[in-house]
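Numbering (UniProt numbering), first residue to last: 1 to 454. The C-beta atom is built at its ideal place from N, Cα and C for all residues, glycine as well. Here the structure is laid out as structure tokens; the discussion comes afterwards.
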Amino acid sequence: MIHTFDPTSPPIDDAALAALIQPTKLHRSVYIDEQIFELEMARIWGQAWIFIGHESQVKNHGDFYTTHINHRVPVILVRDRSGAVHVLHNRCAHKGAKLVDTVDGNARAFRCCYHGWTFNTDGTLLKIPNEAGYEGTGFDPKDPQNNLQKVRSASYRGFVFATLSDTIVELNEWLGGAAEVFDNLCDRAPEGEVEVAGGVLRYQHDCNWKLFLENLNDTMHPMVTHQSVVQAAEDYIATLPPEASSQRAEAEIIPPFGASYENFEDSGITGFAYGHHYDGGKTSIHANYSVNPDYWAAMVASYGEQRSREILAFNTHNTLYYPSLTIKSAVQNIRVVRPIAVDKCIIETWSFRLKGAPDEMLQRTLLYSRLINSSASMVGPDDLEAYSRIQDGLQSTGSDWVEMHRHYNRDKQLADRTVGGGTSDLDMRTQYQAWQAYMGKLAHHIPTGGDSDE
Ligand code: FES
Ligand SMILES: [Fe+2]
Numbered sequence: 001m002i003h004t005f006d007p008t009s010p011p012i013d014d015a016a017l018a019a020l021i022q023p024t025k026l027h028r029s030v031y032i033d034e035q036i037f038e039l040e041m042a043r044i045w046g047q048a049w050i051f052i053g054h055e056s057q058v059k060n061h062g063d064f065y066t067t068h069i070n071h072r073v074p075v076i077l078v079r080d081r082s083g084a085v086h087v088l089h090n091r092c093a094h095k096g097a098k099l100v101d102t103v104d105g106n107a108r109a110f111r112c113c114y115h116g117w118t119f120n121t122d123g124t125l126l127k128i129p130n131e132a133g134y135e136g137t138g139f140d141p142k143d144p145q146n147n148l149q150k151v152r153s154a155s156y157r158g159f160v161f162a163t164l165s166d167t168i169v170e171l172n173e174w175l176g177g178a179a180e181v182f183d184n185l186c187d188r189a190p191e192g193e194v195e196v197a198g199g200v201l202r203y204q205h206d207c208n209w210k211l212f213l214e215n216l217n218d219t220m221h222p223m224v225t226h227q228s229v230v231q232a233a234e235d236y237i238a239t240l241p242p243e244a245s246s247q248r249a250e251a252e253i254i255p256p257f258g259a260s261y262e263n264f265e266d267s268g269i270t271g272f273a274y275g276h277h278y279d280g281g282k283t284s285i286h287a288n289y290s291v292n293p294d295y296w297a298a299m300v301a302s303y304g305e306q307r308s309r310e311i312l313a314f315n316t317h318n319t320l321y322y323p324s325l326t327i328k329s330a331v332q333n334i335r336v337v338r339p340i341a342v343d344k345c346i347i348e349t350w351s352f353r354l355k356g357a358p359d360e361m362l363q364r365t366l367l368y369s370r371l372i373n374s375s376a377s378m379v380g381p382d383d384l385e386a387y388s389r390i391q392d393g394l395q396s397t398g399s400d401w402v403e404m405h406r407h408y409n410r411d412k413q414l415a416d417r418t419v420g421g422g423t424s425d426l427d428m429r430t431q432y433q434a435w436q437a438y439m440g441k442l443a444h445h446i447p448t449g450g451d452s453d454e
């Protein structure tokens with residue numbers, strides 16, 4: 001029986017949950033049912049490795065950044081005195097107050113606003129006011145329960161993830177072959193490292209979190225949804241004199257969103273275990289950006305010509321590390337998904353500096369984020385209009401199903417990945433195979449996408 005999101009309906013059972021996802025279609029309730037949203041927060045966001053932040057956000061001892069693992073569990077990313085980076089539960093060990101209530105900052109220690117218990121930056125208990133009252137009570141200040149509790153965490157090339165699960169595989173195994181895009185992002189830096197720069201663009205999307213993820217590699221929409229902005233940009237570019245070089249940087253970014261179906265088909269989609277996937281590789285909408293000569297010289301000095309060519313030729317568009325992080329290695333920005341409610345999520349865009357690259361590279365990244373990702377941009381808000389129309393449209397009782405047949409049965413299974421044409425629904429099928437495995441509490445067995453409904 002399919003769950004019908006009637007408020008009087010009984011709790012959804014695992015068999016009903018499994019029936020919501022078919023190989024080529026899914027039930028609309030996964031976008032609009034509050035009970036399913038709560039289960040997703042527990043079973044997907046409560047098991048998967050969730051992106052917390054980048055080590056460069058907490059460069060010095062005491063630097064901290066706060067966020068949530070899912071819509072409820074607050075955490076602190078912090079660097080301790082020894083230089084180690086921790087993800088700590090943002091919950092006082094005394095009576096449970098949220099300890100840090102600012103987004104970021106620097107602290108020598110964390111002092112609770114309620115009774116003044118104070119903790120070191122590695123989470124250990126430092127001080128209890130008027131401690132004599134505990135003498136002879138059996139209370140042990142050395143008991144680890146009286147520290148801030150650590151969340152299981154790991155980092156890959158400076159990107160810190162955490163999980164509420166004790167049993168999910170290690171981060172490296174979970175990233176699998178999709179880690180090659182992190183490598184490409186960092187290898188694009190002449191010094192082999194990136195760091196956060198230029199602040200964050202953060203805005204609320206009035207839609208279910210999965211609609212944002214499904215759009216990332218949906219290459220059947222840009223030429224439709226973004227048609228008007230591409231047309232306006234092309235009309236404007238046609239008026240530019242040849243010496244208008246700064247406007248030409250903008251001119252490289254917007255028109256590729258109007259590329260043909262054939263171009264997007266050529267870019268290809270690659271799916272991995274755990275719902276990860278990317279589009280592009282051989283080519284993408286970023287493939288024809290001009291190469292800054294100073295940047296090229298710095299790359300060649302670090303890697304030599306042949307390796308530099310290989311690094312820049314691996315041209316992906318969006319990569320999703322399901323469910324929380326999407327990166328654009330070719331333009332050095334990432335977008336982070338923070339669900340709030342069944343029909344609301346926050347999307348954050350962070351920009352990165354390529355260490356050892358000229359400042360023009362960071363300026364291009366910031367320009368891209370403003371033109372494409374910000375709430376005042378000309379492209380992202382087009383997408384948001386589509387997401388909120390889907391959120392409204394799926395209230396209709398006219399049909400229960402959302403479809404994802406495109407290129408079904410044409411995907412090719414390789415050793416650790418599934419590959420398909422760039423306009424395939426392979427990306428969506430990959431995500432929902434992971435969805436089904438996490439929701440069925442089978443996180444140890446998450447396939448690589450493709451046609452199989454194992
Ligand atoms: S709740 Fe934090 S000191 Fe009491
Ligand atoms: Fe779009």
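Does ligand 2 have even one heavy atom less than 7 Å from the beta-carbon of residue i?
i	result
Asp279	no
Asn215	yes
Thr326	no
Val379	yes
Asp383	yes
Ala221	Per the sequence shown, the amino acid found at residue 221 is His instead of Ala. Yes, Cβ of His221 sits closer than 7 Å to a heavy atom of ligand 2.
residue 462	The chain is shown from 1 up to 454; residue 462 falls before or after that span and cannot be answered.
Thr349	no
Thr423	no
His205	no
His226	yes
Tell me the residue span of the alpha helix (DSSP H) that contains residue i.
i	result
Phe314	Phe314 -> no alpha helix (DSSP H), and no H or E assigned at all.
Ile32	Ser29 to Ile32
Tyr303	Pro293 to Tyr303
Lys210	Trp209 to Leu216
Arg335	Not the alpha helix (DSSP H): Arg335 falls in the beta strand (DSSP E), residues Asn333 to Ala341.
Ala434	Leu426 to Met439
Arg364	Asp359 to Tyr368
Ala15	Asp14 to Ala18
Am I right that residue i and residue j are in contact with their C-beta atoms under 8 Å? What's the rounded C-beta distance?
i	j	result
Leu216	Tyr31	That pair is no contact at about 16 Å.
His61	Asp80	7 Å
Phe37	Val342	4 Å
Phe119	Leu77	Contact flag wrong, Cβ pair sits at about 15 Å.
Gln332	Val160	Rounded, the Cβ-Cβ distance is 18 Å, inconsistent with contact.
residue 522	Gln227	Lying before the first or after the last residue shown, residue 522 is absent from the chain, which here runs from 1 to 454.
Ile12	Gln35	6 Å
Leu394	Arg28	4 Å
Please list the terminal residues of the continuous beta strand (DSSP E) segment that includes residue i.
i	result
Leu240	Note, Leu240: premise wrong, no beta strand (DSSP E); not H, not E.
Arg202	Val194 to His205
Leu290	Correcting the residue identity first, residue 290 is Ser in this sequence and not Leu. First-last for Ser290: undefined, no H or E at that position.
Arg389	First-last for Arg389: Gly380 to Gly393, but that is the alpha helix (DSSP H), not the beta strand (DSSP E).
Pro222	Per DSSP, Pro222 belongs to no beta strand (DSSP E); it is in the alpha helix (DSSP H), Pro222 to Thr225.
Arg353	Lys344 to Leu354
Glu403	Trp401 to Glu403
Asn106	Asp104 to Asn106
Arg152	Arg152 to Tyr156
Tyr278	His277 to Gly281
Does the distance from the C-beta atom of residue i to that of residue j stay below 8 Å?
i	j	result
Val181	Tyr278	yes
Thr163	Arg152	yes
Ala178	His71	no
Ala189	Lys355	yes
Thr66	Val75	yes
Gln432	Ile21	Sequence inspection shows Tyr at residue 432; the Gln mentioned does not correspond to that position. Yes, they are a contact pair.
Met404	Thr24	yes
Gly421	Glu250	no
Gly268	Val419	yes
Pro255	Met41	no
Gly380	Ile372	yes
Thr349	Ser369	yes
Asn315	Ala287	yes
Asp427	Arg406	no
Tyr94	Cys113	The displayed chain sequence assigns His, not Tyr, to residue 94. Not a contact, by the Cβ cut-off of 8 Å.
His54	Lys150	no
Val336	Ser351	no
Ala132	Thr121	no
Met220	Thr423	yes
Tyr156	Asn130	no
Ser284	Ala330	yes
Tyr295	Arg43	no
Val196	Ser399	no
Which residues neighbour ligand 1 when neighbourhood means a C-beta less than 5 Å away from any of its non-hydrogen atoms? List them by chain order. Cys92, His94, Lys95, Ala97, Cys112, Tyr114, His115 and Trp117
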